[in-house]
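Participant:
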Amino acid sequence: MASGKAVDAVYHVDIPEAAKKLRELFYCAHMIHSHIAHFYALAGPDFVVGPDADPAKRNILGVIEKVGLEVGGEVIKHRAYAQKIQEIIGGKATHPVCNLPGGMSKAINEEERKQIEEMARSFIEFSKFSLKLVDDLILGNKTYVDLITGDTYRHETYYMGMVDENNRLNFYDGDVRVVNQRGEEYTKFKPKDYLNHIGEHVEPWSYLKFPYLKNVGWKGLVDGADSGIYRVNSLARLNATEGVPTPLAQEAYEKMYEVLGGKPSHATLAFNWARIVEMMYASERLLELACDKEITSKDIRVIPTETPTEGVGCVEAPRGTLYHHYWTDEEGMIEKVNLIVATGQNNGPMCMSVKKAAQGLIKKFQVKEALLNMIEMAFRAYDPCLACATHTLPGQMPLEVSIYDSKKNLFKRLKR
Amino acid sequence: MKTLILGLGNPILRDDGVGIKVAKEIGRRLISSSIDVREASVAGLGLLELIQGYTKVVLIDSIQIKGGVPGEILPLDLNDLKHTIRLSSPHDVNFATAIELGKKLGLNLPREIRIYAIQVEDISTFGENCSPSVEKAISGIAEKIIRGENLAPSVPAD
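These protein sequence lines map, in sequence, to chains A and B. Each position in the first sequence, counted from 1, maps to that position plus 54 in my numbering. Each position in the second sequence, counted from 1, maps to that position plus 133 in my numbering.
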């Protein structure tokens, strides 16, 4: 979606309203698809089965055992609905082929619209259920609440997210807003100006760069107001807003911040909770768009007439703010590309989170097997897409934790 | 009886897309309404969603094993993946876990799942063509899978 918007910008074309709505509708389905998988299959095992549970049980199968088969069926059904909507609009769900310079390749008809509306209503019910699950299984358990709100998984950083004209959440379009550690607006900018605000630090030991707020400066892997480290993704997005523009999601948003002790929240594990608040917003917004009179309009594309040059496209990907920047020749052939992806922007924070979790969890030479998972929880909360961020394809995720004493002698090594 | 031939991979990452190319080649040669040929770039839960409702599924994907010869086929089945039933990525669940989930939920899963893994050479360069040794093997691999899975009738290769 970011690339589609970047190509529009390259051709200096403003797409028709109906095309914007179709893209946003598609994108809400995409967000739901991603957030369901993360909450139920990835974060779910930590909170439903338990962070120190037997690894053989700490997976989606363990979650289903605990919450019931029926819930598993609902998870699969709603994932399939989200794919179906993306297929209707995009031709295919993965690698869709609907965005063209100037708009969309095809409109949807009334029958398809009705199908989408029905699925959107079902998403809202499923989101309500998921929010209740957070209440019952996580908030009802003091150990989990302490884990989420405690210091082990906490960093006071800047937060970035896209907002509409009222500083409310928007995944598809708007300005980029950054708030500071107290939740005050630090800056707000047009996506095309991202290079004035984001710098990229390089470390020799990482394939990934370390984006940071240029005007604050790179001070290393530390949090606080003097460090340019900022976070993106669900909780960061909500921190960067002044609200959510749909009623049920706004209610869930207010409740979340009440439990977390106010806005912004610095609790890394609350990224998982924020995903469910966002899932509700995406569901409600999807229904609004499905019921919009213009959504079946055939006016979905303008033919670009300007000579292509350079353009930036920006959206909120499920994992955070995503920038695509293309430079082309006069025939539209790409000569240079710059991408700043969500996982890259969370690279510094992820490193900090792993360090802090390890420091908080290893006490008096006691190193338990569960440490591997509890450290993994620190970076899993960011839902990192490392294959995309580094362009390497590791397949499996090996994990090794080496623990050194104060004299840098190896004390113990855990791995899988 | 409905069969799905599913080519997996990334079609713009050279040999990573060989599964998709082989599936397309099989699709080109088959004339049967009971066989669907699809391509996908998904794993785990995404695959589970795609294979529901079929009696038999043939998955074709790329693999890199030590000492493997590019273009060589490794027939696998689900038992070969059993040892990986746990959360192995921070981003998705693996296929074996997804299948176990589908069974528990009573989904209409295929009675038979066959997996063909094709040894590849280059999965780190962007490009739509496979490396020469893998590209050369595609037609023969398609024929072997058609015969091995009794997918006839087929039309001859060019």
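Where a beta carbon is used, it is the ideal one built from N, C-alpha and C, also for glycine. Values in this document were obtained by computation on a predicted structure and should not be read as measured data.
For Leu314 (chain A), which three-state DSSP category applies?
Facilitator: Numbered from its first residue, the first sequence carries residue 314 (chain A) at position 260. Here Leu314 (chain A) sits in helix by DSSP.
Participant: List the residues that DSSP assigns as beta-bridge partners of Ala371 (chain A).
Facilitator: Within the first sequence, residue 371 (chain A) is the residue found at index 317, counting from 1. Paired residue(s): A:Gly374.
Participant: Look at the alpha carbon of Lys418 (chain A) and the alpha carbon of Asp459 (chain A), and state the distance between them as a whole number of angstroms.
Facilitator: Taking the first sequence and counting its residues from 1, one reaches residue 418 (chain A) at position 364. Taking the first sequence and counting its residues from 1, one reaches residue 459 (chain A) at position 405. Each residue's alpha carbon lies about 11 Å from the other.
Participant: Since I believe Ser57 (chain A) is in contact with Gly367 (chain A) (beta carbons under 8 Å), could you give me their beta-carbon distance rounded to a whole number of angstroms?
Facilitator: Position 313 of the first sequence, counted from the first residue, corresponds to residue 367 (chain A). Position 3 of the first sequence, counted from the first residue, corresponds to residue 57 (chain A). Confirmed, about 6 Å.
Participant: Determine whether the Cβ of Glu182 (chain B) lies closer than 7 Å to any Cβ atom of chain A.
Facilitator: Position 49 of the second sequence, counted from the start, is the residue given in the question as residue 182 (chain B). Taking Cβ atoms only, chain A reaches closer than 7 Å to Glu182 (chain B), which makes this a yes.
Participant: With a threshold of 7 Å between beta-carbons, can Gly274 (chain A) be considered close to chain B, or not?
Facilitator: In the first sequence, counting from the first residue as 1, residue 274 (chain A) sits at position 220. So, not an interface residue.
Participant: Please go through the same chain and pick out, in chain order, the residues whose beta-carbon is closer than 6 Å to the beta-carbon of His445 (chain A), but skip the five residues on each side of it.
Facilitator: Here residue 445 (chain A) corresponds to residue number 391 of the first sequence, with the count starting at 1. Residue placement at His445 (chain A) is flagged as unreliable, the pLDDT there being 35, under the threshold of 50; the coordinate-derived value follows with that caveat. Within the same chain, His445 (chain A) has no close Cβ partners at all.
Participant: Following the continuous beta strand (DSSP E) through Lys237 (chain B), name the residue where it begins and the one where it ends.
Facilitator: Numbered from 1 along the second sequence, position 104 holds the residue referred to as residue 237 (chain B). Premise fails: Lys237 (chain B) lies in the alpha helix (DSSP H), Phe228 to Lys237, not in any beta strand (DSSP E).
Participant: Using CA atoms only, rank isn't needed, just tell me which of A:Lys469, A:Ile457 and A:Ile429 is closest to Asp106 (chain A).
Facilitator: By 1-based counting over the first sequence, the position of residue 106 (chain A) is 52. Of A:Lys469, A:Ile457 and A:Ile429, the smallest CA-CA separation from Asp106 (chain A) is found for A:Ile429.
Participant: Give every residue of the same chain whose Cβ lies closer than 7 Å to the Cβ of Arg175 (chain A), excluding the five residues on either side of it in the sequence, and list them in chain order.
Facilitator: Translated into positions along the first sequence, residue 175 (chain A) becomes position 121. Result list for Arg175 (chain A): Leu341, in chain order.
Participant: Considering Cα atoms alone, identify which of B:Leu180, B:Gly186, B:Lys154 and B:Val151 is closest to Ile168 (chain B).
Facilitator: Taking the second sequence and counting its residues from 1, the one referred to as residue 168 (chain B) is at position 35. When only C-alpha atoms are compared, the closest one is B:Gly186.
Participant: Buried or exposed, going by whether 16 or more other CB atoms sit within 10 Å of the CB of Gln252 (chain B)?
Facilitator: The count along the second sequence starts at 1 and reaches residue 252 (chain B) at position 119. When all chains shown are included, Gln252 (chain B) counts as buried.
Participant: With a threshold of 8 Å on Cβ separation, who are the neighbours of Asn262 (chain B) within its own chain once the five nearest residues in sequence on each side are excluded?
Facilitator: Walking along the second sequence from the start, residue 262 (chain B) turns up at place 129. Here the set comprises Arg147 and Glu268.
Participant: Given that a residue counts as buried once 16 or more other Cβ atoms are within 10 Å of its Cβ, and exposed if not, what is Pro448 (chain A)?
Facilitator: To locate residue 448 (chain A), count along the first sequence from 1; it is residue 394. Model confidence at Pro448 (chain A) stands at a pLDDT of 41, short of 50, so the residue's coordinates are unreliable; what they give is reported in the following sentence. With fewer than 16 Cβ atoms within 10 Å of its Cβ, Pro448 (chain A) is classed as exposed.
Participant: Please name the residue in A:Gly386, A:Asn392, A:Glu385 and A:Arg373 whose C-alpha comes closest to that of His379 (chain A).
Facilitator: Here residue 379 (chain A) refers to the residue found at position 325 of the first sequence. Cα-wise, what sits closest to His379 (chain A) is A:Asn392.
Participant: Verify whether the separation of the beta carbon atoms of Tyr266 (chain A) and Gly282 (chain A) is less than 7 Å.
Facilitator: Translated into positions along the first sequence, residue 266 (chain A) becomes position 212. Translated into positions along the first sequence, residue 282 (chain A) becomes position 228. A contact, by the Cβ cut-off of 7 Å.
Participant: Answer yes or no: does any C-beta atom of chain B fall closer than 7 Å to that of Thr322 (chain A)?
Facilitator: Your numbering for residue 322 (chain A) matches position 268 in the first sequence. Thr322 (chain A) does not count as touching chain B.
Participant: Any idea which residues DSSP pairs Ala63 (chain A) with across the strands?
Facilitator: Position 9 of the first sequence, counted from the first residue, corresponds to residue 63 (chain A). Note: Ala63 (chain A) sits in no beta bridge, so no partner.
Participant: I want to verify the contact list: residues of chain A whose CB lies under 8 Å from the CB of Leu238 (chain B), in sequence order.
Facilitator: Residue 238 (chain B) sits at position 105 when you count from the first residue of the second sequence. Chain A residues near Leu238 (chain B): Ile118, Leu123, Gly126, Gly127 and Ile130.
Participant: Is the separation between the beta-carbon of Gly402 (chain A) and that of Lys263 (chain A) shorter than 7 Å?
Facilitator: Position 348 of the first sequence holds residue 402 (chain A). Position 209 of the first sequence holds residue 263 (chain A). No, the pair does not count as a contact, with Cβ atoms beyond the cut-off.
Participant: Which value, in whole angstroms, describes the spacing of the CA atoms of Glu233 (chain B) and Leu183 (chain B)?
Facilitator: Within the second sequence, residue 233 (chain B) is the residue found at index 100, counting from 1. Within the second sequence, residue 183 (chain B) is the residue found at index 50, counting from 1. Computed Cα separation, rounded: 15 Å.
Participant: What are the start and end residues of each continuous beta strand (DSSP E) run of 3 or more residues lying completely inside the segment 215 to 267 of chain A, in chain order?
Facilitator: 229 to 233, 239 to 243, 252 to 255 and 264 to 267
Participant: Using a Cβ-Cβ distance cut-off of 7 Å, determine whether Leu178 (chain B) contacts chain A.
Facilitator: For the purposes of this step, residue 178 (chain B) is taken as residue 45 along the second sequence, with counting starting at 1. Interface residue, yes.
Participant: Between the Cα of Leu209 (chain B) and the Cα atoms of B:Ile256, B:Gly150, B:Ile193 and B:Gly273, which residue gives the shortest distance?
Facilitator: If you number the second sequence from 1, residue 209 (chain B) lands on position 76. It is B:Ile193 whose Cα lies nearest to the Cα of Leu209 (chain B).
Participant: Given that His149 (chain A) touches chain B, what residues does it touch there, using C-beta distances under 7 Å?
Facilitator: As a position in the first sequence, residue 149 (chain A) is number 95, starting the count at 1. Neighbours of His149 (chain A) on chain B, chain order: Ser174.
Participant: Does the Cβ of Trp259 (chain A) have 16 or more other Cβ atoms within 10 Å, making it buried, or fewer, making it exposed?
Facilitator: Here residue 259 (chain A) refers to the residue found at position 205 when the first sequence is read from its first residue. By the 10 Å Cβ count, Trp259 (chain A) comes out exposed.
Participant: By DSSP, does His132 (chain A) sit in helix, in strand, or in coil?
Facilitator: On the first sequence, residue 132 (chain A) is found 78 positions in, with the first residue counted as 1. Three-state result, His132 (chain A): helix.
Participant: Assign Ala63 (chain A) to buried or exposed, taking buried as 16 or more other Cβ atoms, counted over all protein chains shown, within 10 Å of its Cβ.
Facilitator: By 1-based counting over the first sequence, the position of residue 63 (chain A) is 9. That one is buried.
Participant: What are the start and end residues of each continuous alpha helix (DSSP H) run of 4 or more residues lying completely inside the segment 134 to 180 of chain B, in chain order?
Facilitator: 151 to 162
Participant: Establish whether the CB of Val226 (chain B) and some CB of chain A are separated by less than 7 Å.
Facilitator: The residue labelled residue 226 (chain B) in the question sits at position 93 within the second sequence. Against chain A, the CB of Val226 (chain B) has a partner CB under 7 Å away; the residue lies at that interface.
Participant: For the alpha helix (DSSP H) that Leu192 (chain B) lies in, which residues bound it at each end?
Facilitator: Counting from 1 along the second sequence, the entry for residue 192 (chain B) is found at position 59. From DSSP, Leu192 (chain B) is part of no alpha helix (DSSP H) but of the beta strand (DSSP E) over Lys189 to Ile196.
Participant: Strictly by DSSP, which residues pair up with Ala250 (chain B)?
Facilitator: By 1-based counting over the second sequence, the position of residue 250 (chain B) is 117. Ala250 (chain B) pairs with B:Asp194 and B:Leu207.
Participant: Between Tyr198 (chain A) and Gly204 (chain A), what straight-line distance do the alpha-carbon atoms span, to the nearest angstrom?
Facilitator: Here residue 198 (chain A) corresponds to residue number 144 of the first sequence, with the count starting at 1. Here residue 204 (chain A) corresponds to residue number 150 of the first sequence, with the count starting at 1. Roughly 10 Å between the two C-alpha positions.
Participant: Need the endpoints of the beta strand (DSSP E) that Tyr458 (chain A) sits in, please.
Facilitator: Reading the first sequence from its first residue, position 404 is the one you call residue 458 (chain A). Here the beta strand (DSSP E) through Tyr458 (chain A) covers Glu454 to Tyr458.
Participant: Given that Thr230 (chain B) touches chain A, what residues does it touch there, using C-beta distances under 7 Å?
Facilitator: As a first step, residue 230 (chain B) is located in the second sequence; it is residue number 97 there, counting from the start. Neighbours of Thr230 (chain B) on chain A, chain order: Asn113, Ile114 and Leu115.
Participant: Just mark Tyr261 (chain A) as buried or exposed, buried being the case when its beta carbon has 16 or more other beta carbons within 10 Å.
Facilitator: Translated into the one-based positions of the first sequence, residue 261 (chain A) becomes position 207. Burial call: exposed.
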